[in-house]
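*Asks:*
Chains as they are written, first to last, in UniProt numbering: chain A, 1 to 342; chain B, 1 to 258.
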């Protein structure tokens, strides 16, 4: 047990250092390079940088964006880990229960009815539509899979496929009747982007991340027990239905907010928990905090890459995470048959 | 009395699965359940574990109605080893056994000692750091048995604890079937009540103080093995006519198939 705790402490320390490093790299790199020295001067509260340009670029442009990227990444990775535990399937992903499709539909709807440019105290209505769309989709999937106040996770996966298809069909219908201009905006939104980061968005992301992360220490043992099977977990004294509902709500809020603020970002929720499991095993006491740190790091790195690859222009960050994630996913499918078998 | 069921009926999906089951288990007693496939044996075990609601009759654990005992407290007193377990995540064997301590508030040190003791008693210590997913079917069954045992294990004794086992020996080799008998005997000696489902009548005769014969959800008999195990009864229930003998050493009944 001591060696295991050591590994846990070491891993979390290592990931924290990596996160801090990727944070500094994200702040100092971009279309306009800022020296690490200037970056630190802007960051540390008791110093100020002499360069007004550095203060502006680092403090006002890159800092909110980097924090948003880290929060979104942490959220997606933790929600992916929860979903995989809940569905007892290492290849599960929150998008399976309709979150992303619902968000897409909500966002498309807002764009098509012409309110795409509208904002409500700094939050675009598109984000609001995406958030509501994702919650509606998950709520619908959950209701479909619940009978006699018992939720079947197997039915949830199938209902998720159905709701994803339905939302996809309606989205396509909307696109079919949209003008070229609207079509472009819909598809740009779907690619995912972090360039809209501002203080309000960062605050919302921070609040939601805290809401998702803070209760998790109480769920680690339940999630471990759930991996054995629902009836086994019940015989271990877990209140299975309450646990499932609470975790589904957390995932819906976490992923719904991430999608609303940054668009659909692929594979972070799938790939990050996998890497952590390969390193320290499936126990959630280590998996959840480690996934949060690693998700934040990966997302920061992907966003930095998206800003650097074709600088001064930017790639949508969702493309970068997919380009990293898909090969890894294929590798898991092909070469680790023990993970995906039903 | 550790567990008492009177006139127990269950119809979880509308169809009646159990009708008028009466049984009791005392501390240190081993009760066997036998019967044809689909007789309702596993359902009875799930009802006794509190995981499947009963529709009529009464079920008490200690001096409390079982359906009013909160989940977690019930899990401290009753463990159930189910027939199949599908764990697809690569926990180590020690981690799987440690999950048994989930309901207990005995603290990390006690939990660790109990897990070590039980892994020794069930002869899986040498597998402790292996990934569960890479074990053979028989090894996995032994790990799950250890998990169930660790859930009802107390360091001093195991009185007021109930262990329910659904075909615990189905995948075990001869040596480990023998060892399973020893484990059940030892637990009973520590005061734990044990209810076991098995299709191997010789195994049952060796461990059970009493057996229940279940057919179509109805209790046909509950008595000592040497009374229940009769050619006539087996012809009626299983449509086979075995030779019932007496084990030359233990004096327990033996069942030989033609």
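We treat Cβ as the ideally placed atom computed from N, Cα and C, and that holds for glycine.
Determine the direct distance from the alpha carbon of residue 61(B) to that of residue 239(B), and round the result to whole angstroms.
*Replies:* 36 angstroms
*Asks:* Counting along the chain, where does the alpha helix (DSSP H) carrying residue 186(A) start and finish?
*Replies:* 180–191
*Asks:* Does any residue of chain B have a CB that is nearer than 7 angstroms to the CB of residue 217(A)?
*Replies:* no
*Asks:* Does the Cβ of residue 248(B) have 16 or more other Cβ atoms within 10 Å, making it buried, or fewer, making it exposed?
*Replies:* exposed
*Asks:* What does DSSP give as the partner residues of residue 266(B) in its beta bridges?
*Replies:* For residue 266(B) there is no data in the structure shown, the boundaries of chain B being 1 and 258.
*Asks:* Cβ closer than 7 angstroms: which chain A residues qualify as neighbours of residue 36(B)?
*Replies:* Chain A residues near residue 36(B): none, gap ~23 angstroms exceeds 7 angstroms.
*Asks:* Establish whether the CB of residue 187(B) and some CB of chain A are separated by less than 7 angstroms.
*Replies:* no
*Asks:* Run the CB neighbour count on residue 217(A), radius 10 Å, all protein chains shown included, and call it buried at 16 or more, exposed below.
*Replies:* exposed
*Asks:* Between residue 3(A) and chain B, is there a C-beta pair that is closer than 7 angstroms?
*Replies:* The pLDDT assigned to residue 3(A) is 48, lower than 50, so where the model puts this residue is not dependable, and the model offers no usable value.
*Asks:* Assuming residue 149(B) and residue 118(B) are in contact, meaning their beta carbons sit under 8 angstroms apart, how far apart are those beta carbons, in whole angstroms?
*Replies:* Residue 149(B) to residue 118(B), Cβ: 5 angstroms. Contact.
*Asks:* Skipping 5 residues on each side, what residues in its chain have a beta carbon closer than 7 angstroms to that of residue 7(A)?
*Replies:* 280
*Asks:* May I ask which residues mark the beginning and end of the alpha helix (DSSP H) holding residue 91(B)?
*Replies:* Premise fails: residue 91(B) is in no alpha helix (DSSP H) and is neither H nor E.
*Asks:* What are the residues in the region 277–296 of chain A lying within 8 angstroms of chain B by C-beta distance?
*Replies:* Across the region 277–296 of chain A, CB contacts with chain B closer than 8 angstroms involve 277, 281, 282 and 283, in sequence order along the chain.
*Asks:* Going by DSSP, what residues sit across from residue 210(B) in a beta bridge?
*Replies:* 31(B)
*Asks:* Mark residue 148(A) as exposed unless 16 or more other C-beta atoms lie within 10 angstroms of its C-beta, in which case mark it buried.
*Replies:* exposed
*Asks:* Whole angstroms is fine: what's the gap from residue 295(A)'s alpha carbon to residue 87(A)'s?
*Replies:* 20 angstroms
*Asks:* Leaving out five residues on either side along the sequence, give the residues of the same chain with a beta carbon under 7 angstroms from the beta carbon of residue 177(B).
*Replies:* Result list for residue 177(B): 169 and 203, in chain order.
*Asks:* Which residues does DSSP list as the beta-bridge partners of residue 61(B)?
*Replies:* Secondary-structure assignment with DSSP links residue 61(B) through a beta bridge to 3(B) and 64(B).
*Asks:* Closer than 9 angstroms between beta carbons: that is the criterion. Which residues of the region 75–93 of chain A meet it against chain B?
*Replies:* 84, 85, 88, 89 and 90
*Asks:* Is residue 82(B) helix, strand or coil by DSSP?
*Replies:* Assigned with DSSP and collapsed to three states, residue 82(B) falls in coil, not helix or strand.
*Asks:* Counting only C-beta atoms, is residue 242(A) closer than 7 angstroms to chain B at any point?
*Replies:* For residue 242(A), the answer is no, since every Cβ of chain B falls outside 7 angstroms of its Cβ.
*Asks:* Can you give me, in chain order, the residues of the region 219–231 of chain A that have a beta carbon less than 9 angstroms from any beta carbon in chain B?
*Replies:* 221, 222, 224, 225, 227, 228, 229 and 231
*Asks:* Look up residue 125(B) in the DSSP assignment and say whether it is helix, strand or coil.
*Replies:* helix
*Asks:* Take the Cβ of residue 153(B) as the centre, count every other Cβ of all protein chains shown within 10 Å, and call the residue buried at 16 or more, exposed below.
*Replies:* buried
*Asks:* Starting from residue 85(B), find everything on chain A with Cβ-Cβ shorter than 7 angstroms and list it in chain order.
*Replies:* 228, 229 and 232
*Asks:* Are the Cβ atoms of residue 343(A) and residue 168(A) separated by less than 7 angstroms?
*Replies:* With chain A running from 1 to 342 in the structure shown, residue 343(A) is simply not present.
*Asks:* For the putative contact between residue 107(A) and residue 189(A), defined by C-beta atoms under 8 angstroms, what is the C-beta separation to the nearest angstrom?
*Replies:* 5 angstroms
*Asks:* Pull up the CB-CB distance for residue 256(A) and residue 93(A), whole angstroms please, since I reckon it's below 8 angstroms.
*Replies:* 14 angstroms between Cβ atoms; not a contact.
*Asks:* I'd like the span of the beta strand (DSSP E) that includes residue 243(B), first residue to last.
*Replies:* 243–246
*Asks:* For the region 46–53 of chain B against the region 5–23 of chain B, are there 3 or more C-beta pairs whose distance is under 8 angstroms?
*Replies:* yes
*Asks:* Residues of the region 128–155 of chain A with a CB closer than 9 angstroms to any CB of chain B: list them in chain order, please.
*Replies:* Hits within the stretch: zero.
*Asks:* Counting only the same chain and skipping the five closest in sequence on each side, list residues whose C-beta sits under 7 angstroms from that of residue 32(A).
*Replies:* Once the five neighbours on either side are set aside, the close Cβ partners of residue 32(A) are 57.
*Asks:* Who are the neighbours of residue 236(A) on chain B, taking C-beta pairs under 8 angstroms?
*Replies:* In chain order: 75, 99, 100, 102, 103 and 151.
*Asks:* Whole alpha helix (DSSP H) runs in the region 91–145 of chain A with 4 or more residues, listed along the chain?
*Replies:* 99–110 and 125–144
*Asks:* Hey, how far is the Cα of residue 155(A) from the Cα of residue 311(A)?
*Replies:* Near 46 angstroms, if we compare the C-alpha coordinates of residue 311(A) and residue 155(A).
*Asks:* Use the C-beta contact count for residue 284(A): other C-beta atoms within 10 angstroms, 16 or more gives buried, fewer gives exposed.
*Replies:* Residue 284(A) comes out buried.
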